[in-house]
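Engineer: One line per chain: the protein sequences are A and B, in this order. So for the first sequence, the working numbering puts the first residue at 1; every next one is plus one. So for the second sequence, the working numbering puts the first residue at 1001; every next one is plus one. Following this message is one structure expressed as structure tokens.
There are 2 protein chains.
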Amino acid sequence: MSTDAHTGLQLRSLITRSGELQISLQRVPTPEPGPDEVVVRVEAAPLNPSDLGLLIGPADMNTLRASGIAAEPVVTAQIPGKLLRGLSARLDESMPVGNEGAGVVVQAGSSAAAQALLGRTVAMLGGAMYSQYRTLKVQQCLPLPQGTRPAEGASCFVNPLTALSMVEVMRREGHTALVHTAAASNLGQMLNRICLEDGVQLVNIVRKAEQESVLRELGATHVCNSASPAFMDDLTQALTTTGATLAFDAIGGGKLAGQILSCMEMAAVARMKEYSRYGSTTHKQVYIYGMLDPAPTELTRNFGMAWSVGGWLLTPFLQKIGQAEVQKLRERVVAELKTTFASHYSREISLAEALQPEIIAAYSKFSTGEKYLINPSR
Amino acid sequence: MSTDAHTGLQLRSLITRSGELQISLQRVPTPEPGPDEVVVRVEAAPLNPSDLGLLIGPADMNTLRASGIAAEPVVTAQIPGKLLRGLSARLDESMPVGNEGAGVVVQAGSSAAAQALLGRTVAMLGGAMYSQYRTLKVQQCLPLPQGTRPAEGASCFVNPLTALSMVEVMRREGHTALVHTAAASNLGQMLNRICLEDGVQLVNIVRKAEQESVLRELGATHVCNSASPAFMDDLTQALTTTGATLAFDAIGGGKLAGQILSCMEMAAVARMKEYSRYGSTTHKQVYIYGMLDPAPTELTRNFGMAWSVGGWLLTPFLQKIGQAEVQKLRERVVAELKTTFASHYSREISLAEALQPEIIAAYSKFSTGEKYLINPSR
């Protein structure tokens, strides 16, 4: 047993009833592990967009201020009043953050399964990962192959399982090809590698010319730039070629989701032999799974009646497909962790650095290709 | 056999490649009935919003002009150039119009089923109903009880089956109450009667104070006026009371679909015990089945991730539930034709009147409560 694990620093996010966001580091006791639990010294935890929602909420980044003392830093920001209503369930409640991470098992409960993990490097899913120590159940840990560093296993769940699930959704809902937006992201690059391996046709939508090049260099066939004047024609052409009728959209706001449906419909109508006032009978689906653009989604409904736009989340999907299927996906992630599922981070920061206003301003920008890794043990 | 049925007038809609809408009356031969077919003298056919899409298309109503001679009237209007692309499959093709109607069987094929209909008043589904005579299959006819006038049976399919299907969708998709927009329409009043009969809680959304009164007089409990400043609060209250998580929206454009989702989410979040950054896990569904407002749909996504907005059409739904289930719905319509499924028309017009510009301008306005009936035999 490692005695220094009795307490550890933990990052906390609090939004007060008066509308102030407070991010702080607190020293919290590490719970003793039950028989089927282990204590992990967290060494790497990514800052995913889904973490930022909880960490920062809808705070106004222009009001960010550092306070507290160096040993106990606190950073504050203001929440616009009209947005407080939607947060009522978390007000005045200090919340730990961090969906996933990786580290080394430093203490284990009495069960054989727990004992077997002692000293192993494991990936973890379960919240509160921006902590120096995490006590959690054996089944929340994924033992990594010998020689895997925590930083290499930090993003084993959210991005890999999301990318794999997109292909699963495609198969289960009867589509035969995929569209993905923000396609040059870590997740997008992973999805591109999966589709190349599995022979699934993927239409990648990016917002910048340099992102086009990144994907083409990674072997992507269909890359459309939404900033190009030829975007609608290019996308229709790619959809005609691939027959894709399912899109996963990380952006959410603006016209993009509707444009995808319009182009899918143009590709579908071109295949029709007879006119229908209701448009094509081809069902066209866009799932919005992120909100890089929080602006309203604007749908110009020129795509017939066979369409759907909806929110999509990983966890309910995994619950739906069941434990056995999820286990297969996890095993593939571990097997291809350094290839298909490799993540790239632009910077590794400590817990204290995660509270510096200029660093918060940088990682909260959601720039594609800019991804931060927190190392709570630094 | 009725010799005057050899030919009959038929209303036709044509959009030329150059962008001109032409509505005309043509004398067409009445096909001889096959063994399992009958010829019906059409005496009543409603002008549903779904008919207007085919009849008028996206023509600019300010450019409506009468031409032709009195005996062969033609009316023309211009289609804005940018809208022609979506119509490519119907350009230069003269199309008959009219989804449904009712009339008297004046000639019958040799089969027993066809002969049994001779002289009967029947409701019909099958297109081209704005015709003096229609030859169609026995199974497309619904014999009406003795004493039913064609005008009473003209709207046996589109509105009644749509309203009944909304309740069916609710049950099949696991919802327990309904929201309906444009709720004072003929269809909305029918749905209100069905829900009262079946004990289903219905939240009616209207756009005018007088429509509120109409529905309350018909026994509706929950009526919200989207033009009221208290709309969002009223709707949230009604959704909290009823637990409705499914809406059918006839309007389509603007913010309404998103407002419904927002209010459903507020009702759902109020029931939650724990905060989730992803919002409630309650699935919220809006089906857009009409487009009274062709403007873009604007979704301010403040309703978590468990939501879906999609197009909904009657025919694919009926195909999905199968012939036996559809037959049950049809039987209920016939049994309650003069009560639950009674339609009201503001005016009955002849085929020639349907081509008068001032009458077209009136019926194309989609005013709730204003509904026209064409009597091709007048």
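We treat Cβ as the ideally placed atom computed from N, Cα and C, and that holds for glycine. Bear in mind that the values here come from a model prediction, so they are computed numbers and not experimental data.
Listing by chain order, which chain B residues have their CB less than 8 angstroms from the CB of Tyr372(A)?
Structural biologist: Those within 8 angstroms of Tyr372(A) in chain B number zero; the least Cβ separation is about 19 angstroms.
Engineer: Per DSSP, which one or two residues make a beta bridge with Trp307(A)?
Structural biologist: Lys284(A)
Engineer: Does DSSP classify Ala1182(B) as helix, strand or coil?
Structural biologist: coil
Engineer: Expressed to the nearest angstrom, what Euclidean distance is found between the alpha-carbon atoms of Ala1070(B) and Leu1125(B)?
Structural biologist: 30 angstroms
Engineer: Could you pull the start and end residues of the alpha helix (DSSP H) that Asp51(A) belongs to?
Structural biologist: Run containing Asp51(A): Pro49 to Leu55, per the alpha helix (DSSP H) assignment.
Engineer: Mind checking if Ile1321(B) is an interface residue toward chain A, Cβ cutoff 9 angstroms exclusive?
Structural biologist: no
Engineer: Just curious, the beta strand (DSSP E) that Arg1207(B) is in, first and last residue?
Structural biologist: Counting along the chain, Arg1207(B) falls outside any beta strand (DSSP E), and DSSP gives it neither H nor E.
Engineer: Could you tell me whether the stretch 36 to 54 of chain A touches the stretch 102 to 112 of chain A, using the rule of 3 or more Cβ pairs below 8 angstroms?
Structural biologist: yes
Engineer: Within the same chain, show all residues whose beta-carbon is closer than 7 angstroms to that of Thr236(A), passing over the 5 residues directly before and after it, in chain order.
Structural biologist: Cys263, Met266 and Ala267
Engineer: Quick one: which residues of the stretch 1336 to 1364 of chain B get their C-beta closer than 8 angstroms to a C-beta of chain A? List them in chain order.
Structural biologist: Under the 8 angstroms Cβ criterion, the stretch 1336 to 1364 of chain B contributes no residue.
Engineer: Got a sec? Which residues, its chain only, sit under 6 angstroms from Met1291(B) by beta carbon, not counting five neighbours each side?
Structural biologist: Gly1252
Engineer: Is Phe403(A) near Gly258(A), with beta carbons less than 9 angstroms apart?
Structural biologist: Chain A is shown from 1 up to 378; residue 403(A) falls before or after that span and cannot be answered.
Engineer: Shortest alpha-carbon distance to Tyr372(A) belongs to which of His344(A), Pro357(A), Gln356(A) and Arg378(A)?
Structural biologist: His344(A)
Engineer: What residues from chain B crowd round Val269(A), counting only those whose CB sits closer than 7 angstroms?
Structural biologist: Ala1089
Engineer: Taking the C-alpha atoms as reference points, what is the distance between Thr176(A) and Phe341(A)?
Structural biologist: 22 angstroms
Engineer: DSSP state of Val107(A), grouped into three classes?
Structural biologist: A small fix is needed here, since residue 107(A) is Gln in this sequence, not Val. In this structure, Gln107(A) counts as strand in the three-state DSSP scheme.
Engineer: Taking the straight line between their C-alpha atoms, what separation do you get for Ser308(A) and Leu299(A)?
Structural biologist: 11 angstroms
Engineer: Name the two residues that bound the continuous beta strand (DSSP E) containing Arg1090(B).
Structural biologist: Unbroken run through Arg1090(B): none, as it is neither H nor E.
Engineer: Within 10 angstroms of its Cβ, does Ala77(A) collect 16 or more other Cβ (buried), or is it exposed?
Structural biologist: buried
Engineer: Give the residues from the stretch 54 to 72 of chain A that approach chain B closer than 7 angstroms (Cβ to any Cβ), ordered along the chain.
Structural biologist: Leu54
Engineer: Between Ser1165(B) and Leu1202(B), what straight-line distance do the alpha-carbon atoms span, to the nearest angstrom?
Structural biologist: 14 angstroms
Engineer: Pull up the DSSP beta-bridge partners for Ala177(A), would you.
Structural biologist: Gln201(A)
Engineer: Just to confirm the assignment, what range does the beta strand (DSSP E) spanning Leu1164(B) have?
Structural biologist: Where Leu1164(B) is concerned, there is no enclosing beta strand (DSSP E), although the alpha helix (DSSP H) it sits in stretches over Val1158 to Arg1172.
Engineer: Going along the chain, which residues of its own chain have a beta-carbon closer than 7 angstroms to the beta-carbon of Leu445(A), five neighbours each way excluded?
Structural biologist: Since the first and last residues shown for chain A are 1 and 378, residue 445(A) lies out of range.
Engineer: Using the beta-carbon count (16 or more within 10 Å), is Leu1136(B) buried or exposed?
Structural biologist: By the 16-neighbour rule on beta-carbons within 10 angstroms, Leu1136(B) is buried.
Engineer: For Thr1162(B), which residues in the same chain have their Cβ closer than 8 angstroms to its Cβ, ignoring the five residues on either side in sequence?
Structural biologist: Answer for Thr1162(B): Leu1187, Tyr1289 and Leu1314, listed in chain order.
Engineer: Look up Ala250(A) in the DSSP assignment and say whether it is helix, strand or coil.
Structural biologist: coil
Engineer: Bridge partners for Ala1070(B) per DSSP, in chain order?
Structural biologist: Answer is none; Ala1070(B) lacks a bridge partner.
Engineer: Let me see if you follow: with CB-CB separation under 9 angstroms, is Thr282(A) close to chain B or not?
Structural biologist: no
Engineer: Check each residue of the stretch 21 to 43 of chain A: if its Cβ is closer than 8 angstroms to any Cβ of chain B, include it; give the result in chain order.
Structural biologist: none
Engineer: Under a CB-based cut-off of 9 angstroms, is Gly48(A) close to chain B?
Structural biologist: Just to set this straight, residue 48(A) is Asn in the shown sequence, not Gly. Answer no: the Cβ-Cβ gap between Asn48(A) and chain B never drops below 9 angstroms.
Engineer: Tell me, please, whether the CB atom of Ile288(A) is closer than 9 angstroms to any CB atom in chain B?
Structural biologist: yes
Engineer: Between Met95(A) and Leu52(A), which are expected to be in contact by the criterion C-beta below 8 angstroms, what is the C-beta distance as a whole number of angstroms?
Structural biologist: So it is not a contact: roughly 13 angstroms between Cβ atoms.
Engineer: Anything in the stretch 1292 to 1305 of chain B with a Cβ closer than 9 angstroms to a Cβ of chain D? List those residues in chain order, please.
Structural biologist: Any reference to chain D falls outside this structure, whose protein chains are A and B.
Engineer: Tell me the residue span of the beta strand (DSSP E) that contains Gly8(A).
Structural biologist: Run containing Gly8(A): Thr7 to Ile15, per the beta strand (DSSP E) assignment.
Engineer: For the alpha helix (DSSP H) containing Asp293(A), list its first residue and its last residue.
Structural biologist: Note, Asp293(A): premise wrong, no alpha helix (DSSP H); beta strand (DSSP E) at Asp293 to Leu299.
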